[in-house]
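Notes for the one structure printed next.
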Amino acid sequence: KLNNVDKKFHHVKAHIESTLSKEVNGFKTVVSDDFKNIFKVDKGTGGFTEEAIYHAMPTEGHKQIPVFGGERSHNTARKYVLENAENKQNKPVKYFTGECLILSMDGSAGHMTYKPKGEKFTLNHHAACTTLKKEYNGKVNLKWFKYEYQHTLKEAAVSKGNSRTLSKEVLKSIVITAPDTITQEEWVREIEELEALNSRLQGIQDHISELSQAEVVSSL
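This is the structure:
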């Protein structure tokens, strides 16, 4: 019975994840411009290697600044550094503060993570801080852009060995179209509801998996 329930949850989750990965089409265009005219892309610090990060790791009592790179998600940092961290050339690293999108340029190129206003972090050269230019503030919702254009940016990346790379030159040539801000905000609300549902389903599925394992152990 648990296996059957698990299969049902897996089917529903797969459907939700498929829906989240699809771009929405058919809106009335209000914004239409090149990526380079809408966004500013500021790449992270070069030479910010694992060794440099290790030497800048915070000790107890010091403020911890999360470090991100070319991963798929930039929600939970695997490493933290001090505010005065340096790269391997002993030059200060760049620090960034939201509101922005962290865009992976190498590795999982094209993947984006929204960072709210005031959240501070640093990046290596595999990622970039992407912000709206002044003339587009209030015209493009960053969360909407992340949902709508992540697939496009991922497709624009090219393979290099085992990873993918997205160049700033390619980004500049991508034409961005968007509906009015009210429509963008409505889409964001609906997608966030789906993501919240997906997260709850994952929790239930994990619990079912634990119960199934316990059932197998008890029957031995």
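In terms of our numbering, the sequence shown opens at residue 201 and continues consecutively. We put the beta carbon where it would ideally sit given N, CA and C, even for glycine.
Between residue i and residue j, what straight-line distance do the alpha-carbon atoms span, to the nearest angstrom?
{"i": "Pro316", "j": "Met305", "result": "20 angstroms"}
{"i": "Lys263", "j": "Phe239", "result": "30 angstroms"}
{"i": "Ser412", "j": "Thr276", "result": "29 angstroms"}
{"i": "Glu335", "j": "Asn237", "result": "9 angstroms"}
{"i": "Gly261", "j": "Asp233", "result": "47 angstroms"}
{"i": "Lys339", "j": "Lys288", "result": "40 angstroms"}
{"i": "Lys291", "j": "Arg272", "result": "27 angstroms"}
{"i": "Trp344", "j": "Gly318", "result": "19 angstroms"}
{"i": "Ala252", "j": "Cys300", "result": "25 angstroms"}
{"i": "Glu410", "j": "Met257", "result": "36 angstroms"}
{"i": "Val293", "j": "Gly403", "result": "38 angstroms"}
{"i": "Leu342", "j": "Ile408", "result": "36 angstroms"}
Check the C-beta distance from residue i over to residue j and give it rounded, since I have them as a contact under 8 angstroms.
{"i": "His351", "j": "Gly270", "result": "Incorrect: roughly 17 angstroms between the Cβ atoms, too far for contact."}
{"i": "Lys320", "j": "Thr297", "result": "5 angstroms"}
{"i": "Leu401", "j": "Val241", "result": "So it is not a contact: roughly 35 angstroms between Cβ atoms."}
{"i": "Gly307", "j": "Ser367", "result": "Contact flag wrong, Cβ pair sits at about 14 angstroms."}
{"i": "Gln405", "j": "His210", "result": "7 angstroms"}
Within the same chain, show all residues whose beta-carbon is closer than 8 angstroms to that of residue i, passing over the 5 residues directly before and after it, in chain order.
{"i": "Asn203", "result": "Ser412"}
{"i": "Tyr295", "result": "Ile265, Glu283, Lys320, Phe321 and Thr322"}
Can you find the residues in the same chain that come closer than 6 angstroms, C-beta to C-beta, to residue i, ignoring five residues on each side of it along the sequence?
{"i": "His274", "result": "Phe268, Ile302 and Thr313"}
{"i": "Ala378", "result": "Val231 and Val340"}
{"i": "Gly310", "result": "Leu353, Lys354, Ala357 and Leu366"}
{"i": "Tyr347", "result": "Ile391"}
{"i": "Asn337", "result": "none"}
Would you say the beta carbon of residue i is closer than 7 angstroms to some non-hydrogen atom of the ligand GDP?
{"i": "Cys300", "result": "Looking at this structure, you won't find the ligand GDP or any other ligand, since it has none at all."}
For residue i, I'd like the list of residues in its chain whose CB is within less than 7 angstroms of its CB, leaving aside the five on either flank, ordered along the chain.
{"i": "Lys243", "result": "Met305, His325 and Ala328"}
{"i": "Phe235", "result": "Leu371, Lys372, Ile374 and Ile376"}
Exercise for the section: Please confirm if the stretch 227-234 is in contact with the stretch 271-288, defined as three or more CB-CB distances below 8 angstroms between the two stretches. Expected result: Contact between the stretch 227-234 and the stretch 271-288 is absent, because fewer than three Cβ pairs lie under 8 angstroms.
Handout entry: the stretch 354-361 in contact with the stretch 326-344 per 3-pair CB rule at 8 angstroms
Key = no
Practice task
Quick one: which unbroken beta strand (DSSP E) runs of 3-plus residues sit fully inside the stretch 233-302? Chain order, please.
Solution key: 239-243, 265-268, 279-281 and 295-297
Problem - Contact between the stretch 239-251 and the stretch 381-394 (3+ Cβ pairs under 8 angstroms) - result: no
Exercise for the section: May I ask you to verify whether the stretch 367-374 touches the stretch 391-408, counting CB pairs closer than 8 angstroms and requiring at least 3? Expected result: Touching, no, given that fewer than three Cβ pairs across the two stretches are closer than 8 angstroms.
Exercise for the section: Return the chain-ordered ranges of every alpha helix (DSSP H) run that is complete within the stretch 314-376 and spans a minimum of 4 residues. Expected result: 342-356 and 368-372
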